[in-house]
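J.: Sharing a structure here in structure tokens format.
Residue numbers (UniProt numbering): 1 to 282.
What follows is the structure, encoded as structure tokens:
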């Protein structure tokens, strides 16, 4: 059964992600959605509750669980309203969100994780959003990051940033385009190699290789002089239609060489488009 896993919390960012998912499940043919919320409290949280709110930890946990259950029921109803045949399961976990997510991935084998992301334009102090990098790095399945406030729209143009026209990277794009779900998608391939493409002859050779490998793929080729790939992507999205940004698997991903801090900055800066981080092809 094709399953979508959505880690959530009680933020507007998470609520928006569920709204996005409500449209996505029908578009991509998902049969089942798992909503996951973590009730994990740190020792610091318990100290704050004891000293400032003057309530017992046990009372707080009961109230917290009731609020979480009510939220999950509302989210499940929203998904079922959009897709009545959809199977929706809501799970509350006492474990930290990253560990709980990975345990569900191992047990339920979802094909995709969808997470909402705070950004510079909107910050709802989302607990899930603060752990996106950890979830993305540790997950063995692909992760779709949906910026706060982003509404679903059919995927007609997908941007794939790369730093070289290597044959393995192009082969991955060819395989991605061969999937039936990609039949109506045009792939905009952005070479953001900057000063690594110094020679016109090299660029022409790479272009010929690209044309040969992707001859059966609907695509357009773009080149950026930006040395920083994140700036190249931002500039492209400002000027061109792109419904989705795709990071190829492994070392061919434009995120591969980014540090933890740079990756945090990239996610925070992105307010425009969902980002699909592929761990493997469909």
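Idealized CB from N, CA, C, for every residue including glycine.
1. Please classify residue 148: is it buried, with 16 or more other beta-carbons within 10 angstroms of its beta-carbon, or exposed?
2. Based on Cα-Cα distance, which residue from 174, 134 and 190 lies nearest to residue 183?
3. Compute the distance between the beta-carbons of residue 146 and residue 274, then report whether it is under 8 angstroms.
4. Measure the C-alpha to C-alpha separation of residue 216 and residue 130 and round it to an integer number of angstroms.
5. Which residue comes first and which comes last in the beta strand (DSSP E) that contains residue 113?
6. Note down, in chain order, each residue of its chain lying with its Cβ closer than 6 angstroms to the Cβ of residue 13, except the 5 sequence neighbours on either side.
7. Nearest-angstrom Cα distance between residue 93 and residue 68?
8. Here's a check: name, in chain order, each residue in its chain whose Cβ is nearer than 6 angstroms to the Cβ of residue 122, leaving out the five neighbours to either side.
9. Need the endpoints of the beta strand (DSSP E) that residue 220 sits in, please.
10. So residue 9 and residue 37 are supposed to be a Cβ contact under 8 angstroms. How far apart are they, rounded?
11. Please report how far the alpha carbon of residue 19 lies from the alpha carbon of residue 277, in whole angstroms.
12. Short of 8 angstroms in beta carbon distance, which residues of its chain neighbour residue 190, apart from the five on each side in sequence? Order them along the chain.
T.: Based on what the coordinates show:
1. buried
2. 174
3. yes
4. 40 angstroms
5. 112 to 117
6. 116, 118, 124, 126, 129 and 148
7. 10 angstroms
8. 148 and 149
9. 219 to 223
10. 6 angstroms
11. 20 angstroms
12. 159, 160, 161, 162, 222, 223, 224, 232, 233 and 236
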